[in-house]
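The next block holds one structure in the form of structure tokens; read it before the comments.
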Amino acid sequence: MNTPTYHNVHNRFKLNGFQLDKEDLCRIAYSFIKEGEAFERPVGMFILDWFDQNDYIEMTTSGTTGAPKKIKIEKQAMVNSALSTGNFFGLEPGNRVLHCLPAQYVAGKMMLVRGFILGLDIDFVEPTSTPLERNDQTYDFGAMVPLQVQHSLDKLPKIKKLIIGGAKVSSSLAQELLEIPTEIYETYGMTETITHIAAKKVGEEAFKTLPNVTVSEDERHCLVITAPNILQEPITTNDAVNVLNENEFIWLGRIDNVINSGGVKLFPEQIEEKLSHKIDRRFFIASQESPELGEKLVLAVEGDPYIIDEHAFGDLVKYERPKVVLFIPKFLETPTGKVLRKESLESVE
Numbered sequence: 270m271n272t273p274t275y276h277n278v279h280n281r282f283k284l285n286g287f288q289l290d291k292e293d294l295c296r297i298a299y300s301f302i303k304e305g306e307a308f309e310r311p312v313g314m315f316i317l318d319w320f321d322q323n324d325y326i327e328m329t330t331s332g333t334t335g336a337p338k339k340i341k342i343e344k345q346a347m348v349n350s351a352l353s354t355g356n357f358f359g360l361e362p363g364n365r366v367l368h369c370l371p372a373q374y375v376a377g378k379m380m381l382v383r384g385f386i387l388g389l390d391i392d393f394v395e396p397t398s399t400p401l402e403r404n405d406q407t408y409d410f411g412a413m414v415p416l417q418v419q420h421s422l423d424k425l426p427k428i429k430k431l432i433i434g435g436a437k438v439s440s441s442l443a444q445e446l447l448e449i450p451t452e453i454y455e456t457y458g459m460t461e462t463i464t465h466i467a468a469k470k471v472g473e474e475a476f477k478t479l480p481n482v483t484v485s486e487d488e489r490h491c492l493v494i495t496a497p498n499i500l501q502e503p504i505t506t507n508d509a510v511n512v513l514n515e516n517e518f519i520w521l522g523r524i525d526n527v528i529n530s531g532g533v534k535l536f537p538e539q540i541e542e543k544l545s546h547k548i549d550r551r552f553f554i555a556s557q558e559s560p561e562l563g564e565k566l567v568l569a570v571e572g573d574p575y576i577i578d579e580h581a582f583g584d585l586v587k588y589e590r591p592k593v594v595l596f597i598p599k600f601l602e603t604p605t606g607k608v609l610r611k612e613s614l615e616s617v618e
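In the numbering used here, the protein residues as written are 270 to 618.
Take a look at the structure:
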């Protein structure tokens with residue numbers, strides 16, 4: 270079977286109930302840009318970019334690990350990524366799909382590409398924090414960020430399969446999701462890998478790679494991704510992992526977040542996991558310089574100061590206990606809503 274190319278639009282593709290070919294899509298794109306709502310304009314711009322003469326799309330990285338930068342991603346690599354997703358999650362032509370992600374970022378763009386290539390029936394709605402509000406449709410597949418999931422728990426059974434990306438799923442949210450009949454996956458990926466290259470069912474520990482993706486570790490025990498269908502060369506990440514085999518890994522945390530306190534290496538994300546049921550505001554674990562320890566552990570909590578019950582720290586071993594609690598009025602974020610830890614800390618120092 271011939272691999273589809275980015276010139277094709279599957280004959281089963283629909284957008285908001287209308288069957289559309291390339292010419293139809295370009296007409297709709299112009300009307301989105303000229304007369305559409307604010308959230309529709311990026312869709313229009315992406316459609317025109319997708320069908321222009323270039324064989325690549327320019328995208329901006331999320332800025333989690335430094336200044337956001339523009340990169341070029343090959344359209345055929347995006348097609349290959351869509352095919353991998355379809356294969357992994359068993360998507361079929363005609364499947365009804367909820368698209369509630371902003372189209373200016375890679376995840377929102379890729380939902381459209383999956384529609385074009387796999388022949389999906391896409392229901393595109395405004396990317397609010399409550400995308401299923403006043404929506405009684407049922408869906409075969411959908412994608413959300415954790416905030417949207419948190420605000421849609423009672424309606425999630427309307428989606429048969431759901432992928433969650435953009436930020437880590439907290440253990441408290443994961444516990445709630447285990448009670449829901451929907452097949453729910455947490456995904457791992459980034460702009461450079463054209464969204465997810467691995468996924469795991471909520472409640473499982475290890476991520477499994479998508480077809481044609483293999484993983485290994487570098488000397489820092491950070492993840493190295495090899496995906497010839499979507500990447501010209503392997504990508505070395507700053508994610509500390511435990512690689513079980515070339516298709517499975519356990520994510521431990523960001524290597525750039527690791528804290529060395531008195532010679533003990535601490536992953537903030539693992540401590541945050543233990544605290545996730547105990548603190549009902551946004552928070553993160555970071556460090557400050559310490560003459561005795563090198564780095565001392567800091568708990569940063571968003572909002573006005575209050576007394577945190579000592580029982581909140583009951584699951585932490587001695588060296589995981591914060592030496593300082595800082596209250597920060599408002600965390601600083603990337604445009605996609607990821608908390609900027611260093612900058613947030615510096616905002617109150």
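Beta carbons: idealized from backbone N, C-alpha and C, even for Gly.
Here His580 carries a helix assignment [DSSP, helix/strand/coil].
If you compare the alpha carbons of Ser530, Trp319, Val348, Lys341 with that of Pro560, the shortest gap goes to Ser530.
Secondary structure within the region 396–458: the beta strand (DSSP E) runs of 3 or more consecutive residues, fully enclosed, are 408–413, 428–433 (chain order). Taken atom to atom, the span from the alpha-carbon of Val438 to that of Lys291 is near 37 Å. Rounded to the nearest angstrom, the gap between the Cα atoms of Glu445 and Gln373 is 30 Å. Runs of the beta strand (DSSP E) lying entirely within the region 549–580 and spanning at least 3 residues, in chain order: 552–559, 563–571. Residue Met379 holds the alpha-carbon nearest to the alpha-carbon of Glu343 among Phe358, Glu452, Met379.
Setting aside the 5 residues that flank it on each side, Leu535 is surrounded in the same chain by Ile528, each with a C-beta closer than 6 Å to its C-beta; the list follows chain order. DSSP places Ile540 within a helical segment (H, G or I) once states are collapsed to three.
Straight-line spacing of the CA atoms in Leu294 and Ile316 works out to 7 Å. No Cβ-Cβ contact shorter than 8 Å links Ile428 with Val414. With a cutoff of 8 Å on beta-carbon distance, Phe596 and Arg590 are scored as not near each other. Take the alpha-carbon of Tyr325 and the one of His580: they are about 53 Å apart. Leu521 sits in a strand when the DSSP states are folded into three classes. Membership of Leu492 in the beta strand (DSSP E) is indicated by the continuous run 491–495. Non-local C-beta neighbours of Val594 in its own chain, meaning closer than 7 Å and more than five positions away in sequence, comprise Leu568, Val570, Ile577, ordered along the chain. Secondary structure in the region 292–359: the beta strand (DSSP E) runs of 3 residues or longer, each lying completely within the stretch, are 325–329, 339–343 in chain order. The residue from Asn356, Pro311, Ala298 with its alpha-carbon nearest to that of Asn481 is Asn356. Here Asn364 is buried, its C-beta having at least 16 other C-beta atoms within 10 Å. Between Pro362 and Gly388 a beta carbon distance of about 3 Å is seen, short of the 8 Å cut, so the two are scored as contacting.
Distance from the CA atom of Val418 to the CA atom of Leu442, rounded to whole angstroms, is 9 Å. Annotation: Lys470 to Leu381 spans about 23 Å, alpha carbon to alpha carbon.
About 6 Å separates the Cβ atoms of Tyr275 and Gln345, confirming a contact at the 8 Å cut-off. Only exposed fits Asn514, as fewer than 16 other CB atoms lie within 10 angstroms of its CB. For Thr603, the secondary structure class from DSSP, reduced to helix, strand or coil, is coil. When rounded, the separation of the alpha-carbon atoms in Val375 and Gly435 is 10 Å. If you draw a 10 Å sphere on the C-beta of Leu289, you find 16 or more other C-beta atoms in it, and that means buried.
Here the alpha carbons of Thr603 and Val366 stand approximately 27 Å from one another. Residue pairing by DSSP places Lys470 opposite Tyr454 in a beta bridge. Pairing Leu585 with Asp405, the inter-Cα distance amounts to about 43 Å.
The residues Ser439, Ser440, in chain order, have a CB closer than 8 Å to that of Glu542 in the same chain once the five nearest residues on each side in sequence are set aside. Within 10 angstroms of the beta-carbon of Tyr575 lie fewer than 16 other beta-carbons, which makes it exposed. DSSP, read as helix, strand or coil, puts Ala376 in helix. For the pair Leu447 and Gly411, the CB atoms are not nearer than the 8 Å cut-off. Within its own chain, the residues whose Cβ lies closer than 6 Å to the Cβ of Pro400, once the five positions on either side in sequence are excluded, are Cys369, Val394, Gln417, listed in chain order.
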